[in-house]
Amino acid sequence: MKLASLGRTLLIQPLPGIGDMVWHLPHIHALARTAVDGQIDVLAKPRSRADQLLGADSSVRRILWLERDAGLHSGWMGTRRLVALLRSGDYRQVWLLHDSARYALLAWLAGIVERFGYGFGAQRLWLKKPGLPSKYRYDHPITKANTLLDLYGISRIAGDEKLCLDIQKRQEITSRFAHLPQPWIALGIGSSESWKQWGEANFVALAGEINRRGWGSPILIGGGPREASLATQIEAKVRDAGGSILNGVDLTVAETAALISCTRLYIGNDTGFLNVAAALGINALGLFGSSPPLSYSPFIHVIAPGDGRGCDYHSRNMAGIAVEVVVQRAARLLVG
């Protein structure tokens, strides 16, 4: 369905996380197919690392940064700068994958003719096209985006959910870590909030079991400098116990994605790289003790607390996930 017959298409996805961007890969690829040249631009926040996640994606022409935290797009002057940025793109069509009325207003001020969005609340005033019924307002972002595309007959196809990998980065990673015995098992120790963190002792014990059972080489995956201290402590304790482990938390997001693509299994907290693993077709054991389990991908295998307390944003129950249970689930995926 060719909706953008004239001019360019812009997708605005301002949710800040790596996982948030990965969730919207199917929508990015589906919308790109509606463009005459098969490409769209994406406006996102720097924290999403969209440049590193989408840098090798032929469906994305350009990444634009929404820099409210830095002040560039805050306040009245920031609004004027953002409108000027949107106007310079010569966009005919914009898709707003967010509830905010601000982005719809900005698109109108920038002269973008075709404005699609969820249409909740005041946002509906600035849309050219109808939005979603109010019953969808508090649904998961994936559900809302799926429903909006369905409303306009834009199909998602198998493969749209895949992250396009930078092949050169993958070659660099395989060469850099060629000394490390295969297979590799990624341990995702990053967490956006402390209450989603499984903890040092659990990851040390898990790495020890991986070593003891001869499953392969555990590799620590993190979200950046904030996990450096935790990774160092885990590495030291595993090595002190005679085990092997690689500390990979200093890698960039693009390098980490390349590394994950080389692993046999990912085990980690509910964080962005769990979603990256799934988007790369890597089986990922997700530790959900303090957040609702994700079910959108067949590659995400949920591990929830076994104490009957459940897992949601109020449970704060990462302690309810036992190392023994994680090892058992990993064994099923690794050795059948």
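For the sequence shown, my numbering gives the first residue as 4, with consecutive numbering after it.
No residue lacks a Cβ here, since even glycine has one placed at the ideal position from N, Cα and C.
Just so we're clear, the structure is a prediction, and the values are computed from it rather than from any experiment.
Could you tell me how far apart the beta carbons of residue i and residue j are, in whole angstroms, since I believe they sit closer than 8 Å?
| i | j | result |
| --- | --- | --- |
| TYR269 | SER294 | About 17 Å separates the two Cβ atoms, so there is no contact after all. |
| LEU283 | ILE306 | With a Cβ gap of about 20 Å, LEU283 and ILE306 do not count as contacting. |
| GLY193 | GLY219 | Contact doesn't hold; Cβ gap of about 20 Å is too wide. |
| LEU14 | LEU100 | 7 Å |
| ILE66 | VAL279 | Between VAL279 and ILE66 the Cβ distance is about 17 Å, and since that is not below 8 Å, they are no contact. |
| MET321 | GLN200 | 6 Å |
| VAL241 | ALA210 | 5 Å |
| HIS27 | GLN16 | 5 Å |
Go to residue i, then tell me how far its beta strand (DSSP E) extends in each direction, as first and last residue.
| i | result |
| --- | --- |
| VAL45 | 43-47 |
| ILE306 | 303-306 |
| ALA189 | 187-191 |
| ASN3 | This structure gives no information on residue 3, because the portion of the chain shown stretches from 4 to 339. |
| LEU168 | Careful: LEU168 lies outside any beta strand (DSSP E) and carries neither H nor E. |
| PRO221 | 220-224 |
| ALA287 | 287-290 |
| LEU183 | Premise fails: LEU183 is in no beta strand (DSSP E) and is neither H nor E. |
Residue range of the alpha helix (DSSP H) that residue i falls in?
| i | result |
| --- | --- |
| ARG205 | A small correction: the amino acid at residue 205 is Asn; Arg does not occupy that position in the sequence shown. Where ASN205 is concerned, the enclosing alpha helix (DSSP H) stretches over 203-216. |
| GLU327 | 326-338 |
| TRP111 | 104-112 |
| PHE276 | 275-282 |
| SER232 | 231-243 |
| ILE263 | 256-264 |
| GLY124 | Here GLY124 belongs to no alpha helix (DSSP H), and DSSP marks it neither H nor E. |
| ALA148 | 144-154 |
| GLY22 | 21-26 |
Going by Cα to Cα distance, which pick from the options is closest to residue i?
| i | options | result |
| --- | --- | --- |
| VAL207 | TRP198, LEU168, THR266, GLY191 | GLY191 |
| ILE324 | ASP163, ILE222, ASP273 | ASP273 |
| VAL116 | GLN96, PHE123, TYR106, ASP44 | GLN96 |
| GLY309 | ALA244, ILE303, VAL326 | VAL326 |
| HIS76 | LEU28, TRP98, PRO49, ALA59 | PRO49 |
| PHE180 | ALA38, GLY275, GLY251 | GLY251 |
| LYS138 | GLY275, ALA110, LEU151 | LEU151 |
| GLU230 | GLY202, ASP243, SER247 | GLY202 |
| ARG388 | GLN185, HIS304, SER318, SER61 | No information on residue 388 is available, as it lies outside the stretch 4 to 339 that the chain covers here. |
| GLU175 | THR255, GLY271, TRP98 | THR255 |
| GLU70 | GLY227, PRO19, PHE302, ARG140 | PRO19 |
| PHE291 | SER300, GLY271, PHE302 | GLY271 |
| GLY217 | PRO228, PRO186, ALA107 | PRO186 |
| ASP44 | TRP68, SER51, LEU130 | TRP68 |
Would residue i and residue j be called neighbours here (beta carbons separated by less than 9 Å)?
| i | j | result |
| --- | --- | --- |
| LEU135 | LYS147 | yes |
| ALA104 | LEU89 | no |
| THR266 | ILE188 | yes |
| PRO29 | ASP169 | no |
| PHE276 | ALA260 | yes |
| GLU238 | VAL330 | no |
| GLY246 | ASN214 | yes |
| VAL25 | ALA281 | yes |
| GLY41 | SER62 | yes |
Query - Ranges of the beta strand (DSSP E) found wholly within the stretch 34-100, counting only runs of at least 3 - result: As far as the stretch 34-100 is concerned, its whole beta strand (DSSP E) runs of at least 3 residues are 43-47, 63-68, 94-99.
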